[in-house]
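Participant: One structure, pasted below without further comment.
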Amino acid sequence: MVDPKLEEVIQFERTRPDVHGDAHPKKLLRAIVEEGNHLAKLSEQHIFSSDQFDRATLLQLFRLAAKYEANPGRFSTSLNGQILISAFYEPSTRTRLSFESAWHRLGGDIMSITDRSTTGIAKGESLRDVAEMFNNYGDCVVLRDSNEESVREMMAALRIPIINAGNGTDEHPTQALADLYTIFKWRPDLVTNEPGEKLKLCLVGLPAKMRTVRSLLKLMCHFPDVFSKITIVNDKQKNEMFAHGQLAQLEQAGLQIDAANDLYEVLPEADVVYINAIAWEGNAYKQYGKRYHLNAQSPLKSDAIVLHPLARSVELCTSLDDTPHNWYFSQARGAVFLRMALLTCLVKRAERVLDVI
Amino acid sequence: MVDPKLEEVIQFERTRPDVHGDAHPKKLLRAIVEEGNHLAKLSEQHIFSSDQFDRATLLQLFRLAAKYEANPGRFSTSLNGQILISAFYEPSTRTRLSFESAWHRLGGDIMSITDRSTTGIAKGESLRDVAEMFNNYGDCVVLRDSNEESVREMMAALRIPIINAGNGTDEHPTQALADLYTIFKWRPDLVTNEPGEKLKLCLVGLPAKMRTVRSLLKLMCHFPDVFSKITIVNDKQKNEMFAHGQLAQLEQAGLQIDAANDLYEVLPEADVVYINAIAWEGNAYKQYGKRYHLNAQSPLKSDAIVLHPLARSVELCTSLDDTPHNWYFSQARGAVFLRMALLTCLVKRAERVLDVI
Amino acid sequence: MVDPKLEEVIQFERTRPDVHGDAHPKKLLRAIVEEGNHLAKLSEQHIFSSDQFDRATLLQLFRLAAKYEANPGRFSTSLNGQILISAFYEPSTRTRLSFESAWHRLGGDIMSITDRSTTGIAKGESLRDVAEMFNNYGDCVVLRDSNEESVREMMAALRIPIINAGNGTDEHPTQALADLYTIFKWRPDLVTNEPGEKLKLCLVGLPAKMRTVRSLLKLMCHFPDVFSKITIVNDKQKNEMFAHGQLAQLEQAGLQIDAANDLYEVLPEADVVYINAIAWEGNAYKQYGKRYHLNAQSPLKSDAIVLHPLARSVELCTSLDDTPHNWYFSQARGAVFLRMALLTCLVKRAERVLDVI
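Residue numbers (our numbering), protein chains in the order written: chain L, 22 to 378; chain R, 22 to 378; chain B, 22 to 378.
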């Protein structure tokens, strides 16, 4: 017989407990009416910045993501014959696997580049020539590069769509889409005609330097009716927290932006707590806000949800993992479906999955 | 016309000569009756250690592997829609390609991680968080890591199955499964009601340090009726050859374990000679037993078979490659089918390939 | 509304202007009659050197490539169930993606090795053993290695076909096939019974050291009726430009080979200008012919076409990109279809795509 201690170690369960962020996407599906025409423009645009979306397109993207999440195995041939070039010049496994998983789930093929030094760039090749090469070999590109300008140079020469999966400290639009998708799965009423209480969002991070934060704040500009207040928490003064013009854009959109240094003063009234502690700068990770920690003892509202783009370190304690506050795992899971929705539109396959064309 | 010397260099044959370990798997298929219920438990277990198997499950795995080997192209859609995360943090091409080939042959999709430094671990991410990420992005994981504990940490958080493809010096269970599968393809009578002569096995290697050897000896514990004697050959004293508790486990299972320093004294009576010379320790390969060599002049029994987990170096001379003793190439080939069988069970697709469900 | 400057950056077009080398492959399709029997020998040969082809086989390969290029999505299941081992031990993204794209377009599966240090070679494994491993795990191999002899050692032990994708400074046969395919798409009359004017080709490069050039010159030996003169341009004396025996082979085939140091003297009468400036030597790229540059002001014939195997640097100026001389992008695009044709034949799937079997 097998040693009971070994038996315990090797047994596993496939199901997950419901309390950890599993609001069924069906609620969001029902909350938004399908209007596929708002997705049409996505088939002729690169995905570069959160600034390029409008509210109607966002809602349809979230609806399509919810459709995928509610029927995970149904659309497994939608991207048949399509090739994704997965180019991660800056180290990443999480985002790369998230995109590659999304593309596989829809039946497409993938070519990966994970080492910048093997590319023609080592031979002195220009990014425009790399883009022309991609035009001939694939149907869609995902790029992460610590060099902020690489994606711009490539967009100028590409005739297939590219998704910016993180360019230096600038933006990471699909992460922001996934974050907002998670919030609306939790509170689908907020995108209906009968929304409930608006949300107070506490954001622990540095908007000037963190691309995930920059992209998310921009997306929230389309939903000033959803967020009553956004409080940015870090150890800087308010006039040092933002990049040039960043705060102005948010306020012009109608968002109420506060700043605070004391996390525990903000938490008790926050409905959503978003926390991130690292930024990729130059060619290394830098930690910001070391003194801000969330754990099971933090003074969170009883029904507050916590989001984190991951990877996390000490700023988000594992003691929160088994509490109902944990929506960061759901956030990662939903990101695959969100990316499935976006990729489908980019390569003009939306007509295979929408009900009305 | 093409230069004859060039013609000779570029021409190749697809078929292989029968003498080199091509016992048709059909003999083993007939020797074991299909009893698929013994495979059921494999759909809720990680594959971590040779200790977790029982004899009935092993025989059904070998039977399913033989079924795949006898009909290599028949089940090419069995893993449709399934994603494998192939994580090889310790350098390997052989084992990685063996698993990836198995998964492709069954129609599944693959995401590879071959560079530990690109993972979140570089960002200070815990293995439990890496496991949670894998839960969201794939259906099965294969992991090789020189850090022995990594797989344990991941098993605790994974809700999809993981196969330990080598954890430091600890274990490499699927290699052992492939080794035993090869032995039973050679002598299928040994698993029937009318077995022939038992086997004397000569094992050149260091049980304390070589994970392939450790895993194989454990599996042999389920077949004390098959092996009359196992002689371990290396340059150490018997009390230094084994890790703590290792020899006791083998003897309690009814195996007769001898030790010897002189290879040429043991060879003339060995039916199976298993040889391995390297172990992965820390972060480099270490050679053991440099003075033990097998070649075509070694005093092997005329019908003895030689096994080696590969890669090999000087310890197994190429002069044996074209002799009937060469079952190490067959061992590598059969490993793909064995892994196909195991992977099929892990992701609950066995019902697509078994005759009786 | 979206900022117009952003809108401009993210919008893209999928179509390409016709002037840049888009001679429809249908012209070449009509110019060559299908005679599939000439492709039969490709199913039992490794693809090692340009020397191994004959004229009839080349024409059929070009025809099959043109068939693929004219019907890009039609044959998307031809390589179902086939596994390619894509082994690029010398840094490359361009050639690797070209092959992988070709294999994906035909519905096959791929396993990539991009880091020599992870292979058994790091464990002291021989190339013959690596080949035997490949025999068990895949159906076709593509190999690039700065070590010129690696592919020879592997061919001796492989029972599946291997394509030499560049071995040191020796050869790169599929690049040459793609180059000649491009020339014949441009001037299909040259392979008919009523050819027009022969071509004068100007080749800027070093035949002794550049594998793309070496392979291309060899292929041109089968078409002395197509090229009236080939002028090699570099900064060496004629007796230093060629490797031992290289010039003799070309002249014996009936090619008229001139040499020159002054590019601008040769250009005005060249119909085809082929330029390359780098060679891989040892384990780094070396630049040759730094003083030879082509740009929009170069004295090219008005209808001359320019070819470059890419990656390029300053020797081929981007000012030529938007001129009708630019056939180097078409060259890269056609290379995928040429590789699709060759790979189909190698794994014995030509009968799935030929009209007459």
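For glycine and all other residues, C-beta sits at the position ideal for the given N, C-alpha and C.
Using the beta-carbon of each residue, which ones in chain B are nearer than 8 Å to V357/R?
Facilitator: The contacting residues are N157 and Y158.
Participant: Output yes if chain L places a C-beta closer than 8 Å to the C-beta of S171/R; else output no.
Facilitator: So, not an interface residue.
Participant: Hey, out of Q66/R, N282/R, R235/R and N168/R, whose CA is closest to L364/R's CA?
Facilitator: Comparing Cα positions, the closest option is Q66/R.
Participant: Tell me the DSSP bridge mates of N347/L?
Facilitator: According to DSSP, which records beta bridges pairwise, N347/L is partnered with V327/L.
Participant: Over what stretch of residues does the alpha helix (DSSP H) that includes I204/L continue unbroken?
Facilitator: Per DSSP, I204/L belongs to the alpha helix (DSSP H) from P194 to W207.
Participant: State the Cα-Cα distance for the pair R37/B and R180/L, rounded to the nearest angstrom.
Facilitator: Answer to the nearest angstrom: the Cα atoms are 8 Å apart.
Participant: From the DSSP output, read off the bridge partner residues of T252/R.
Facilitator: Per DSSP, C223/R and D279/R.
Participant: Classify Q352/B as helix, strand or coil using the three-state DSSP reduction.
Facilitator: Helix.
Participant: Rounding to the nearest angstrom, what Cα-Cα distance links K47/R and G94/R in this structure?
Facilitator: About 15 Å.
Participant: Output yes or no for whether 8 Å exceeds the beta carbon distance between K221/B and A291/B.
Facilitator: A contact, by the Cβ cut-off of 8 Å.
Participant: Going residue by residue through the region 67 to 97 of chain R, where are the continuous alpha helix (DSSP H) segments of at least 4 residues, counting only ones entirely within it?
Facilitator: Segments of the alpha helix (DSSP H) lying fully in the region 67 to 97 of chain R: 76 to 91.
Participant: Could you have a look at V40/L and say whether DSSP puts it in helix, strand or coil?
Facilitator: With a pLDDT of 49 at V40/L, under the threshold of 50, the predicted position of this residue should be treated as unreliable, though the coordinate-derived value follows. V40/L falls in the coil class under three-state DSSP.
Participant: Counting only C-beta atoms, is G275/R closer than 8 Å to chain L at any point?
Facilitator: No, no contact with chain L.
Participant: According to the Cβ coordinates, are G187/R and T116/R closer than 8 Å?
Facilitator: For G187/R and T116/R, yes; Cβs fall inside 8 Å.
Participant: Taking the alpha carbon of V327/R as the reference point, which residue from I278/R, I106/R and H346/R has its own alpha carbon closest?
Facilitator: Selected option, being the one with the closest Cα: H346/R.
Participant: Looking at the structure shown, is L367/L part of a helix, part of a strand, or coil, going by DSSP?
Facilitator: Three-state DSSP puts L367/L in a helix.
Participant: Under a Cβ-count criterion, where at least 16 other Cβ atoms within 10 Å of its own Cβ denotes burial, should K88/R be classed as buried or exposed?
Facilitator: Buried, by the Cβ-count rule.
Participant: For the region 218 to 236 of chain R, list every residue whose C-beta sits within 7 Å of some C-beta in chain B, in sequence order.
Facilitator: Of all residues in the region 218 to 236 of chain R, none has a Cβ within less than 7 Å of some Cβ in chain B.
Participant: Which residues in chain B sit within 7 Å of R180/L, going by Cβ to Cβ distance?
Facilitator: Near R180/L (Cβ distances below 7 Å), the residues of chain B are F33, E34, R35 and R37.
Participant: Tell me the rounded alpha-carbon separation between G260/L and Q318/L.
Facilitator: A small fix is needed here, since residue 260/L is Asn in this sequence, not Gly. Using only the alpha carbons, I get a separation of about 31 Å.
Participant: Given this structure, state the Cα-to-Cα distance separating K311/B from A298/B, to the nearest angstrom.
Facilitator: The straight-line gap from Cα to Cα measures roughly 7 Å.
Participant: Excluding the 5 residues preceding and the 5 following I204/R in the sequence, name in chain order all residues of the same chain whose CB lies nearer than 7 Å to its CB.
Facilitator: The answer, listed in chain order, is V293.
Participant: Residues in its own chain within less than 8 Å of Q369/R by CB, not counting five upstream and five downstream?
Facilitator: Here the sequence assigns Lys to residue 369/R, which means Gln is not the residue at that position. S64, listed in sequence order.
Participant: Give the single residue among P209/B, R173/B, D283/B and R232/B whose Cα lies nearest to the Cα of Q196/B.
Facilitator: Nearest C-alpha to Q196/B: R232/B.
Participant: Alpha carbon to alpha carbon, what distance is there between S351/R and P25/R?
Facilitator: Whole-angstrom Cα-Cα distance: 32 Å.
Participant: List the residues of chain B whose Cβ lies closer than 8 Å to the Cβ of D166/L, in chain order.
Facilitator: Here the premise fails: no neighbours, minimum Cβ distance about 14 Å.
Participant: I need the DSSP call for A186/R, collapsed to helix, strand or coil.
Facilitator: Residue state, collapsed to three classes: strand.
Participant: How big is the Cα-Cα spacing for L60/R and R76/R?
Facilitator: L60/R and R76/R: Cα-Cα distance of roughly 11 Å.
Participant: Does the CB of D72/L have a neighbour CB from chain B at under 8 Å?
Facilitator: Yes, because at least one Cβ of chain B sits closer than 8 Å to the Cβ of D72/L.
Participant: Verify whether the separation of the beta carbon atoms of E55/B and D376/B is less than 8 Å.
Facilitator: Yes, they are a contact pair.
Participant: Measure how close the beta-carbons of S70/R and P228/R come, nearest whole angstrom, since I'm counting them as under 8 Å.
Facilitator: About 15 Å; that fails the 8 Å criterion.
Participant: Going by DSSP in three states, A229/B sits in which element: helix, strand or coil?
Facilitator: Of the three classes helix, strand and coil, the one that applies to A229/B here is coil, per DSSP.
Participant: Near V40/B, what residues of its chain come up, given a Cβ to Cβ distance below 6 Å and the 5 sequence neighbours on each side ignored?
Facilitator: The predicted position of V40/B is uncertain, since its pLDDT is 49 and thus under 50; no value can be drawn from it.
Participant: Which whole-angstrom value describes the C-beta separation of A362/R and A86/R, a residue pair presumed to lie in contact below a C-beta threshold of 8 Å?
Facilitator: Yes, they are in contact, since the Cβ atoms of A362/R and A86/R sit about 4 Å apart, within 8 Å.
Participant: Got a sec, what are the start and stop residues for the alpha helix (DSSP H) K322/R sits in?
Facilitator: That residue, K322/R, is in no alpha helix (DSSP H); it is neither H nor E in DSSP.
Participant: Is DSSP giving I31/L helix, strand or coil here?
Facilitator: DSSP places I31/L in helix when its eight states are reduced to three.
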